[in-house]
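Numbering (the working numbering), first residue to last: -3 to 546. What follows is a short report on a single structure.
Here's what the structure looks like:
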């Protein structure tokens, strides 16, 4: 006997007043903010309270059937564990193996050999190397790896996590081989190259700004004055290649190409120029570290870097179509029958369509698995004992237990919010602001990334809404589509998912409120700036950007 599917359509205005409905939909977000900022709650506590409130509103205000709300949370929670948490566990395991082997000290000293100035070390690792990882794997892996590296370099955990979250803004729009933009393009029916081109015009100013901002946070105006030539080389080379590749080649290569060129250009420049004053972290932001660059053999230096060289190779293999096709059978899929019949309706989508109720479990075709295999290869090459590796993996899991819980809760909240219509209600209210929506367009993307932890998810969630609103206002669709993605990049640094990952990476589990308070003010300032820039492009300087779609 077949189970009857009960259809439920999302209602984006349950209180018959768009702004009142949006205010109610905003309450879970406010709960999360207040829990972390005012009550300084631990991440999993804030996540639990937020999920409970979102569930109550989804069922009793938005009319979502209780079972569909529950299955939405389970679906999101599973996604939080796999692939997201698995990527973080594997990344931290890889880092810990390099530390246990003793080769991390050699890697650290090789970076010091490029420059003893720790401000510039942060740029090389947090900004340049982090951008490469974002372009290759995304999903929080870049922040986990670079933050752990910076702690090993001597930066205190809170600063390491905060700076890496901020550094991770520039590459997010083109992260994970351009998936955020290619996925959006498929939904809205506009060529990815057109959205990529507009984003490639909007992001370079931010990319140039980020290295300067990072040094400002570490050492104020004095630090910027002392290091600006190197910061300009790092930021300008990144921004220029980002512009060229995004505009002419599409969304797949900007991060990887920009990062490689930026690392090479900065390293070469530092061979000929160094700041007059060598900066070292003080007791407030840094720990003890020996800054003297020691002499190592070429073999030792090669072995120290080999885990990350292998990681790059593995990532490239994992992104190849032939590899995905060959191992497609390792992906297990199963349906969530409890979500069947759950339907999105216009104006969030062009026509009514069911939400995704099929869960994919990529056992091998998951960035986390590529990192884990890299860790196993590293164990052999660096001669780490099997018993030590097993103990290290167990240590990683023990340290991650509360982080895993937090990630499960916040991703579960994201799916309850999305599948119940709470997220769409917020966006629709902002869409009612008329021409002012040109300012709010990136803020919608910012909210989307805050809610989902992913620029890809935000673009899928709100891409159609951005497109339809642009049509109503008679503005180019590609501007709002790109603005959604660009606004989302600065929402990444305050996403509960990102906060939990960063804290887990540096051993600050339970201190999520401290990190959130560190990043929130910068995130708000930056998204306001992007909103003003988008408004200017729409009405004051439309000639400054290619916008063929109307």
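For every residue, glycine included, the Cβ atom is placed at its ideal position computed from N, Cα and C.
Within-8 Å CB hit, residue 395 to chain C: Here chain C cannot be found, since the structure has a single protein chain.
Test item: CB-CB of residue 489 and residue 165 under 8 Å: Position 493 of the chain shown, counted from the first residue, corresponds to residue 489. Position 169 of the chain shown, counted from the first residue, corresponds to residue 165. Yes, the Cβ-Cβ distance between residue 489 and residue 165 is below 8 Å.
Own chain residues within Cβ distance below 7 Å of residue 163, not counting five before or after: Translated into positions along the chain shown, residue 163 becomes position 167. Non-local beta-carbon contacts of residue 163 in its own chain, meaning distances under 7 Å to residues more than five positions away in sequence, involve 122, 123, 126, 206, 210 in chain order.
Residue 45 vs residue 20 beta-carbon contact at 8 Å: Within the chain shown, residue 45 is the residue found at index 49, counting from 1. Within the chain shown, residue 20 is the residue found at index 24, counting from 1. At least 8 Å separates the beta-carbon of residue 45 from that of residue 20.
Nearest-angstrom beta carbon gap, residue 186 and residue 177 [assumed within contact, 8 Å]: For the purposes of this step, residue 177 is identified with residue 181 of the chain shown, where counting begins at 1. For the purposes of this step, residue 186 is identified with residue 190 of the chain shown, where counting begins at 1. Their Cβ separation, rounded to whole angstroms, is 10 Å, which puts residue 177 and residue 186 out of contact at 8 Å.
Collapsed DSSP secondary structure at residue 238 in the structure displayed: Translated into positions along the chain shown, residue 238 becomes position 242. Correct three-state label for residue 238: helix.
4-residue-minimum alpha helix (DSSP H) runs that sit fully inside the stretch 341 to 403, ordered along the chain: DSSP runs (the alpha helix (DSSP H)) wholly in the stretch 341 to 403: 363 to 377.
Close beta carbons around residue 208, own chain, < 6 Å, minus the five adjacent residues each side: One-based indexing of the chain shown puts residue 208 at position 212. Only residues of its own chain outside the window of five on either side were considered, and among them 220, 227 have a CB closer than 6 Å to the CB of residue 208, listed in chain order.
6 Å CB neighbourhood of residue 362 in its chain, flanking five on each side removed: By 1-based counting over the chain shown, the position of residue 362 is 366. Exclusion of the five residues before and after residue 362 leaves 79 as the residues of its chain whose Cβ lies within less than 6 Å of its Cβ.
Close-in-space but distant-in-sequence residues of the same chain around residue 375 (CB under 7 Å, 5 per side omitted): Within the chain shown, the letter at position 379 stands for residue 375. Here the set comprises 93, 385.
Proximal residues to residue 398 (C-beta, below 6 Å), its chain only, five neighbours per side dropped: Position 402 of the chain shown holds residue 398. These residues qualify, in order along the chain: 40, 505.
Sub-8 Å separation of residue 406 and residue 59 beta-carbons: The residue given as residue 406 occupies position 410 in the chain shown. The residue given as residue 59 occupies position 63 in the chain shown. No, the pair does not count as a contact, with Cβ atoms beyond the cut-off.
Residue interval of the alpha helix (DSSP H) (run including residue 320): Along the chain shown, one-based indexing puts residue 320 at 324. Counting along the chain, the alpha helix (DSSP H) containing residue 320 begins and ends at 317 to 322.
Residue ranges of each beta strand (DSSP E) within the stretch 427 to 491, 3 or longer: Listed in chain order, nothing qualifies, since the stretch 427 to 491 has no complete beta strand (DSSP E) run of 3 or more residues.
Given residue 108 as reference, the closest of 128, 507, 149 once Cα atoms are compared: The count along the chain shown starts at 1 and reaches residue 108 at position 112. Its Cα nearest to that of residue 108, the residue 149 stands out among 128, 507, 149.
Cβ-based neighbour list, residue 542, same chain, cut-off 6 Å, excluding 5 preceding and 5 following: The residue labelled residue 542 in the question sits at position 546 within the chain shown. 193, listed in sequence order.
Continuous beta strand (DSSP E) stretch holding residue 276: start and end: As a working mapping, residue 276 is identified with position 280 in the chain shown. Per DSSP, residue 276 lies in no beta strand (DSSP E) segment and is marked neither H nor E.
Own chain partners of residue 83 with C-beta closer than 8 Å, once the 5 adjacent residues on each side are dropped: Along the chain shown, one-based indexing puts residue 83 at 87. Excluding positions up to five away in sequence, the list reads 133, 135, 136, 137, 140, 362, 363, 364, 367.
Beta-carbon contacts of residue 330 that lie in its chain and below 8 Å, excluding the five residues immediately before and after: The count along the chain shown starts at 1 and reaches residue 330 at position 334. In its chain, beyond the 5 residues on either side, 354, 355, 357 have a beta carbon closer than 8 Å to the beta carbon of residue 330.
Buried versus exposed, by CB contacts within 10 Å (16 or more), residue 25: Indexing the chain shown from 1 puts residue 25 at position 29. With 16 or more other Cβ atoms within 10 Å, it is buried.
Classification of residue 38 by the beta-carbon crowding that lies within 10 angstroms, buried from 16 upward: If you number the chain shown from 1, residue 38 lands on position 42. Answer is buried; the Cβ neighbour count reaches 16.
Cβ pair residue 5, residue 348 closer than 8 Å: Indexing the chain shown from 1 puts residue 5 at position 9. Indexing the chain shown from 1 puts residue 348 at position 352. Result yes, Cβ atoms of residue 5 and residue 348 sit closer than 8 Å.
Reference residue 74, options 492, 379, 411, closest by Cα: Here residue 74 refers to the residue found at position 78 when the chain shown is read from its first residue. With distances taken between Cα atoms, residue 74 lies closest to 411.
Status (buried if at least 16 other CB within 10 Å, exposed otherwise) for residue 12: Taking the chain shown and counting its residues from 1, one reaches residue 12 at position 16. Classification for residue 12: exposed.
Cβ neighbour criterion (16 or more within 10 Å) applied to residue 309: What you label residue 309 is simply residue 313 of the chain shown in a count that begins at 1. Classification for residue 309: exposed.
Straight-line Cα distance separating residue 95 from residue 285: Counting from one through the chain shown, the residue named residue 285 turns up at place 289. Counting from one through the chain shown, the residue named residue 95 turns up at place 99. Only weak support is given to the placement of residue 285: the predicted model assigns it a pLDDT of 49, under 50, and the question is left unresolved by the model.
Separation of residue 497 from residue 214, as counted between CA atoms: Against the chain shown, residue 214 aligns to sequence position 218. Against the chain shown, residue 497 aligns to sequence position 501. Using only the alpha carbons, I get a separation of about 22 Å.
Extent of the continuous beta strand (DSSP E) to which residue 329 belongs: Counting from one through the chain shown, the residue named residue 329 turns up at place 333. For residue 329, the enclosing beta strand (DSSP E) has its first and last residue at 327 to 331.
Distance CB(residue 512)-CB(residue 154) smaller than 8 Å: Counting from one through the chain shown, the residue named residue 512 turns up at place 516. Counting from one through the chain shown, the residue named residue 154 turns up at place 158. Against a cut-off of 8 Å, the Cβ pair of residue 154 and residue 512 comes out as no contact.
Residue 432, buried or exposed, once every other Cβ within 10 Å from all chains shown has been counted against 16: If you number the chain shown from 1, residue 432 lands on position 436. Under this definition residue 432 is an exposed residue.
Beta-carbon proximity of residue 440 to residue 169, cut-off 8 Å: Position 444 of the chain shown, counting from 1, holds the residue named residue 440. Position 173 of the chain shown, counting from 1, holds the residue named residue 169. Not a contact, by the Cβ cut-off of 8 Å.
Backbone secondary structure at residue 16 - three-state DSSP: Working through the chain shown from its first residue, we reach residue 16 at position 20. Helix, per DSSP.
Whole-number beta carbon distance between residue 526 and residue 76, since they are thought to touch under 8 Å: Start at 1 with the first residue of the chain shown, and residue 76 comes out as number 80. Start at 1 with the first residue of the chain shown, and residue 526 comes out as number 530. Rounded, the Cβ-Cβ distance is 28 Å, inconsistent with contact.
Integer-rounded CB distance, given that residue 382 should sit under 8 Å from residue 442: As a position in the chain shown, residue 442 is number 446, starting the count at 1. As a position in the chain shown, residue 382 is number 386, starting the count at 1. Not confirmed; about 46 Å, so no contact.
Cα-Cα separation, residue 110 to residue 23: Residue 110 sits at position 114 when you count from the first residue of the chain shown. Residue 23 sits at position 27 when you count from the first residue of the chain shown. Their backbone Cα atoms lie some 49 Å apart in a straight line.
Helix, strand or coil at residue 339 [DSSP, three-state]: Within the chain shown, the letter at position 343 stands for residue 339. Residue 339 sits in a strand when the DSSP states are folded into three classes.
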